[in-house]
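A.B. asks: Below you'll find the structure I mean.
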Ligand code: GLU
């Protein structure tokens, strides 16, 4: 049986790094097994689901280099869900409940205050026909719950190992809203059956859902797939990785931080595994080493600094033709291969080239406080052509002639050449500035 898996985002917001990691791990698993990867849009929440989020999620996945072999949207499958609903009602596995959200929350609070787990009391199950009719007369519409069997539920999780629950410890999940529309649990299980998923990979926030889903698979007449629950990422300190942090959306990593997609892929694919985190420039190597056995149950820490380090390492090895288009899209000038090769080892983000470009090409307003010293130094400038040694040769010479050293030697030269007190390495800058511009700046 070949592997078939899905990534099932809800298009109710931007793609967050945590979800991108779930997508990536699922995709890597599929690709490592020559399997099938489906993108399933979980858009049953019609009010919160937005087409623009769906597009943005797809753009994020594509940017990270993922492609899908098929795609489905839950809103296109309502007829099928209604058929299964009819079947489950016939089988007595769905029962109507009339509690309002306030009543449910009161029940929960009461149980918790008595130190009991907030499990739904199944009041709906014992309503008489008269009581139901009375609620309906009051204008109440029922939501429907799935009646779990109070029996052990067990599975062998590909990450967590053997997991066991008892149906009696779970609340019967709500599968149908008051307006008759089906909810995530039901649609997800039906889709996993109909699209013949062999494995379900998702975050560990779904572990107890899985316990209920396993009984739903059986009730609908299918065998449950295998499950892999990924521990959720935490922040660097081990706290919750906030979804609200905009910078942790794939959109912002791409558009605001302007990171290299392979830096994100390198980090997200290896976090929480026994493999070292390395900078990969090609996903093939990651696919070749992918194995669920390497994933641990511990909470992986997402560290933005680590992401930047990987980004820098990838850029340092990136050939000119891979960035040429993005460089010219910056619209600041003709950054040729020589320029790229000179600045490449010195940048963390691609956008850092802008600073280098501006210092190299100007306009620069030189800062000259000690005109005599700067003029003396200008007279000692080496002849062209300039290379990475030029700065050292020149300053050795200036040191010898003027007796200056340290900051009093370098700083006036930096200020005159770049118009700034700090900035890119002068050994790299000198050949980019060139003798002509350097002389003008020193003589300003
Ligand atoms: N839409 C669900 C989520 O984003 C999918 C979970 C699943 O993979 O079943 O959490």
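Residue numbers (the working numbering): 49 to 492.
Even glycine gets a Cβ: it sits at the ideal position worked out from N, Cα and C.
Given the structure is predicted, the values throughout are model-derived calculations rather than measurements.
(1) On the criterion of 16 or more Cβ atoms from any shown chain inside 10 Å, does residue 122 qualify as buried, or is it exposed?
(2) Out of 270, 304, 189, 68, which one is the CA nearest neighbour of residue 249?
(3) Tell me whether the beta-carbon of residue 191 lies closer than 8 Å to the beta-carbon of residue 225.
(4) Would you kindly work out how many angstroms separate the C-alpha atoms of residue 310 and residue 352, rounded to a whole number?
(5) Who are the Cβ neighbours of residue 438 in its own chain at under 7 Å, not counting the five residues just before and after it?
(6) Taking Cβ to Cβ, would you say residue 244 is nearer than 8 Å to residue 119?
(7) Pull the bridge partners of residue 568 from the DSSP assignment, please.
(8) Within 8 Å, do at least three Cβ pairs link the segment 419 to 426 to the segment 386 to 405?
(9) Could you tell me the boundaries of the beta strand (DSSP E) in which residue 193 lies?
(10) Across which residues does DSSP place residue 224 in a beta bridge pair?
(11) Can we say the segment 78 to 94 touches the segment 296 to 306, given the rule of at least three CB pairs closer than 8 Å?
(12) Taking the Cβ atom as the reference point for each residue, do residue 214 and residue 200 lie within a distance shorter than 8 Å?
(13) Alpha carbon to alpha carbon, how far is residue 77 from residue 314?
(14) Strictly by DSSP, which residues pair up with residue 87?
(15) Pull every residue with its beta-carbon under 5 Å away from any heavy atom of ligand 1, and keep them in chain order.
(16) What does DSSP give as the partner residues of residue 275 in its beta bridges?
(17) Do residue 350 and residue 282 have their C-beta atoms closer together than 8 Å?
(18) Would you call residue 383 buried or exposed, if buried means 16 or more other Cβ atoms sit within 10 Å of its Cβ?
(19) Could you tell me if residue 263 is buried or exposed, where buried requires 16 or more neighbouring beta carbons within 10 angstroms of its beta carbon?
C.D. replies: This is what the structure gives:
(1) buried
(2) Ranking 270, 304, 189, 68 by Cα distance to residue 249 puts 68 first.
(3) yes
(4) C-alpha separation (whole angstroms): 14 Å.
(5) 430, 478, 479
(6) no
(7) There is simply no residue 568 to check, as the chain begins at 49 and stops at 492 in what is shown.
(8) Segments in contact, no.
(9) 191 to 194
(10) Partner(s): 192, 230.
(11) no
(12) yes
(13) It is roughly 15 Å from the alpha-carbon of residue 77 to the alpha-carbon of residue 314.
(14) 55, 119
(15) Spelled out in chain order, the answer is 56, 58, 90, 236, 250.
(16) DSSP lists 248 as partners of residue 275.
(17) yes
(18) buried
(19) buried
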